[in-house]
Amino acid sequence: MRILILHGPNLNLLGRREPEVYGRTTLAEIDEALGRIARKAGCTIECVQSNAEHELVERVQAAMDDGTDGIVINPAAFTHTSVALRDALAACGRPFVEVHLSVPEAREPFRHESLLADLALARVSGFGAHSYNYGLEGLIEHLKAAASE
Numbered sequence: 173m174r175i176l177i178l179h180g181p182n183l184n185l186l187g188r189r190e191p192e193v194y195g196r197t198t199l200a201e202i203d204e205a206l207g208r209i210a211r212k213a214g215c216t217i218e219c220v221q222s223n224a225e226h227e228l229v230e231r232v233q234a235a236m237d238d239g240t241d242g243i244v245i246n247p248a249a250f251t252h253t254s255v256a257l258r259d260a261l262a263a264c265g266r267p268f269v270e271v272h273l274s275v276p277e278a279r280e281p282f283r284h285e286s287l288l289a290d291l292a293l294a295r296v297s298g299f300g301a302h303s304y305n306y307g308l309e310g311l312i313e314h315l316k317a318a319a320s321e
């Protein structure tokens, strides 16, 4: 099983950017934890972070042909703005879990709408860095169940 982990804009600053909102865990620490979960489940992951919308769109498109089984994505600010990312995820056809460190609906009004939510297999938010862990674990269980059907 191959899973793509996508991190959107400014997530490279985790641990330093607004720690009262996003916590002190770095992106490298999140990726390490995800790697441990994946290995334990017998999966491989690829972690990609970009501040550029087009790079995330291109990576989602590539997932259509590279053996990717599912995606865990924290689209960050693109959650609320990127029709292009939404369209790429829809075209890709792979199940994906949308994750957020904070609870977007509990923050500024412009963060309340996700352009991806209705396409997502699930959304996990509000657990800080653990949101990624829960999202990955849920996606793995979903993919295993689908494979056994």
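For my numbering, count along the sequence shown from 1 and bump the result up by 172.
Even for Gly, the Cβ is constructed at its ideal location relative to N, Cα and C.
Which word fits residue i, buried or exposed, when buried means at least 16 other C-beta atoms lie within 10 angstroms of its C-beta?
| i | result |
| --- | --- |
| L273 | buried |
| R231 | buried |
| H179 | buried |
| G214 | exposed |
| E204 | exposed |
| V296 | buried |
| P281 | exposed |
| D237 | exposed |
| S286 | buried |
| V275 | exposed |
| L186 | buried |
| A319 | exposed |
| A317 | exposed |
| A210 | buried |
Whose CA, out of the options, lies closest to the CA of residue i?
| i | options | result |
| --- | --- | --- |
| K212 | A319, E309, A318, E321 | E309 |
| Y304 | E190, C219, R189 | C219 |
| T251 | N223, A200, M173 | N223 |
| T216 | P181, R174, L293 | R174 |
| T253 | K316, I202, A234, E225 | E225 |
| P267 | A200, A289, R188, R208 | A289 |
| L311 | R279, E321, R283, E270 | E270 |
| A256 | R283, E227, N246 | E227 |
| T240 | P247, L261, A249, A248 | L261 |
| I245 | R208, G307, E313 | G307 |
According to DSSP, what are the bridge partners of residue i?
| i | result |
| --- | --- |
| E270 | I245, R295 |
| T216 | R174 |
| H252 | The partner list for H252 (beta bridge, DSSP) is empty, contrary to what the question assumes. |
| Q233 | Per DSSP, none; premise fails for Q233. |
Would you please state the rounded distance, in angstroms, between the beta carbons of residue i and residue j? I believe it to be under 8 Å.
| i | j | result |
| --- | --- | --- |
| C264 | Q233 | 7 Å |
| L176 | I243 | 5 Å |
| P191 | A248 | Rounded, the Cβ-Cβ distance is 16 Å, inconsistent with contact. |
Does chain C have any CB closer than 9 Å to the CB of residue i?
| i | result |
| --- | --- |
| K316 | No chain C is present in this structure, which holds just one protein chain. |
Validate contact between the segment 289 to 305 and the segment 183 to 201 using beta carbons, cut 8 Å, 3 pairs: yes
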